[in-house]
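Working notes for the structure below.
Residue numbers (the working numbering), protein chains in the order written: chain A, 162 to 526; chain B, 8 to 209.
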């Protein structure tokens, strides 16, 4: 009985005895989910619009003013189409794969702090949680590729398994350097550390808080993280998983209608997650770029989304003007370039922190 | 029943059921997928026990890397499990003995904590409840056990190099790409300007 009462109070905010002391976790989660999905719809549209603009096209411009409702029209189109399941496929795994992809992509967002204290779950090992969830993302792709029982899908899945496992290594090392500086695995701590110490303080201009953020002192890691994030989310120029000239659409060949929609959703939510991670690790999270009353008045969540969109703009531009890599070049850059550089940087950063005593020690500068 | 107890039963029931399915399912790929489900539920149990670092490392290392390679291999091999299972009765007694020994050991370890709660404080390094376990593990691994830890790392590195050397083959006659050479090639090395007389060709 006690368990049911506490669960009701925690999840739904239904006060069984007296008044409930909090808004239910479920409501917060639903609100967050709706906001995230609407953002996804516009990120998707922005991706197509930016791509079109680079190629001097107009992009989607028919549904709604400036094509603003295009993503919602696409959603309806996907949902109302007939799902085709190949006869020789492994049907359970086939339908499980898109679910795994989208659920994992969405579940990572539970620890992302959009503003001070706005994380749904402010856990101690937030970075590790995101790293773990994103390392699971490869399963959706492998399961889809195998269960489709098709050559192209299978080849796409094999490529992606190797690619995502390779780039996780360098992403891990980049995260470790940031952790060394901050000394905490909590995402909120990482953002707070970037407000309380850094180059702006060292240079004597504390109001230029964008100099404080880690993108400047850890610039090589920022670049490596950005490129590895492209590879980890299978974005162009590393989208060999779905290289349409070689593999038709890779692991997604056999999918149609809602399962396909779930794959697209998972992919774009994972891309936004990587943008959010870049924002938190290197661009100061919800902090305003210049420490003045006018800019500080803008809510932190707005800054966060603006920074997320800025990083996504870079993602979209890379997609628009960089040709696709060859597979062996992709593997070479992952294992022979990024891995040594990030490994050396981990050692160098650790040594510098040890000998100079820099780094965040939980509060004071 | 409290909320953690409820989740404990959910996680352990799914873990045991999927561990059974690892052995029982006919398709090796399904076996590996059930193995992954077992890992994830074991991580959930770690999380409930307050070992959040261990739980997430289990997912990153075993589920995110090792099990991907398992899946990779089982997908590529076309194993007929029906024929593999024919010798099962022959090996069953050894399997039962190994399983029984492991069960007894687990019971001994787990039972000692229940029968004698003071055991925890008698450990070589007592558990400090005041700090989060990432910090606690780090403080222990990099001070008291630093040589063992580094030694284990060195052994793994040697094993990795060994595995790479075993599979590395340099065939003669195969053209390899040398990125450094390519990038350093200049126009003078790559092109040659030839004056061709008309009607003669090269």
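All C-beta atoms in this analysis are idealised placements derived from N, C-alpha and C, irrespective of residue type, glycine included.
Counting only the Cα atoms, residue 318 (chain A) lies some 17 Å from residue 253 (chain A). Residue burial is scored here from C-beta neighbours: residue 205 (chain A) has at least 16 other C-beta atoms within 10 angstroms and is therefore classed as buried. Nearest to residue 255 (chain A) by C-alpha distance, out of A:419, A:462, A:464, A:454, is A:419. Residue range 35 to 55 is occupied by the alpha helix (DSSP H) that includes residue 37 (chain B).
Note on residue 51 (chain B): 16 or more other CB atoms within 10 angstroms of its CB, so buried under the neighbour-count rule. Here residue 309 (chain A) carries a coil assignment [DSSP, helix/strand/coil].
If one requires a minimum length of 3 residues, no beta strand (DSSP E) run lies completely within the stretch 253 to 317 of chain A. Just measuring C-alpha positions, the residue of A:397, A:428, A:356, A:326 sitting nearest residue 260 (chain A) is A:428. Less than 7 Å divides the Cβ of residue 337 (chain A) from the Cβ of residue 507 (chain A). Below 8 Å, too few C-beta pairs join the stretch 174 to 181 of chain B and the stretch 372 to 389 of chain A to call them touching: fewer than three. Residue 11 (chain B) carries a helical assignment under DSSP once its states are collapsed to helix, strand and coil. Counting C-beta atoms within 10 angstroms of its own C-beta, residue 191 (chain B) has fewer than 16 neighbours from the protein chains shown and is therefore classed as exposed.
Under the criterion of beta carbons closer than 8 Å, residue 339 (chain A) and residue 351 (chain A) qualify as touching, at roughly 6 Å. Remark: C-beta atoms of residue 444 (chain A) and residue 376 (chain A) approach each other more closely than 7 Å. Residues are counted here when their Cβ sits less than 9 Å from a Cβ of chain B; for the stretch 267 to 297 of chain A these are 284, 285, 286, 289, 290, 292, 293, 294, 295, 296, 297, given in chain order. Three or more beta-carbon pairs separated by less than 8 Å link the stretch 467 to 487 of chain A to the stretch 433 to 447 of chain A, which places the two stretches in contact. Listed along chain A, the residues sitting closer than 7 Å to residue 139 (chain B) by beta-carbon distance are 285.
Fewer than three beta-carbon pairs drawn from the stretch 200 to 216 of chain A and the stretch 279 to 294 of chain A are found closer than 8 Å, and the two stretches are therefore not classed as touching. Counting only runs of at least 4 residues, the stretch 141 to 188 of chain B fully encloses the following alpha helix (DSSP H) elements, listed from N- to C-terminal order: 153 to 174. In the three-state reduction of the DSSP assignment, residue 368 (chain A) falls in the coil class. Proximity of residue 55 (chain B) to chain A, defined by a Cβ-Cβ separation below 7 Å, is not satisfied. Counting the other Cβ atoms within 10 Å of the Cβ of residue 208 (chain A) gives 16 or more, which makes it buried. Contact annotation: in the stretch 62 to 84 of chain B, residues whose CB is within less than 7 Å of a CB in chain A are 63, 66, 67, 70, 71, 72, 75, 78, 79, 82. Taking a beta-carbon distance threshold of 7 Å, residue 374 (chain A) does not count as an interface residue toward chain B. Pairing residue 193 (chain B) with residue 199 (chain B), the inter-Cα distance amounts to about 12 Å. CA-CA distance, residue 23 (chain B) to residue 45 (chain B), rounds to 7 Å. Going by C-alpha positions, residue 198 (chain A) is about 26 Å away from residue 332 (chain A). In this structure, the straight-line span from the alpha carbon of residue 192 (chain A) to that of residue 344 (chain A) is close to 32 Å. Short of 6 Å from the beta carbon of residue 210 (chain A), and not among the five residues preceding or following it, lie these beta carbons of its own chain, in chain order: 220. Not a single CB atom of chain B sits nearer than 7 Å to the CB of residue 508 (chain A). Residue 442 (chain A) has a beta carbon lying at 7 Å or more from every beta carbon in chain B.
Taken in chain order, the unbroken stretches of alpha helix (DSSP H) that lie wholly in the stretch 343 to 393 of chain A and span 4 residues or more are 348 to 357, 360 to 364, 380 to 393.
Between residue 265 (chain A) and residue 297 (chain A), the C-beta gap is smaller than 7 Å, which places the two residues in contact.
Taking the beta carbon of residue 346 (chain A) as reference, the chain B residues within 7 Å of it are 141, listed in sequence order. In this structure, the alpha-carbon of residue 432 (chain A) lies about 21 Å from that of residue 347 (chain A). The C-beta distance from residue 465 (chain A) to residue 447 (chain A) rounds to 5 Å, short enough to fall under 8 Å.
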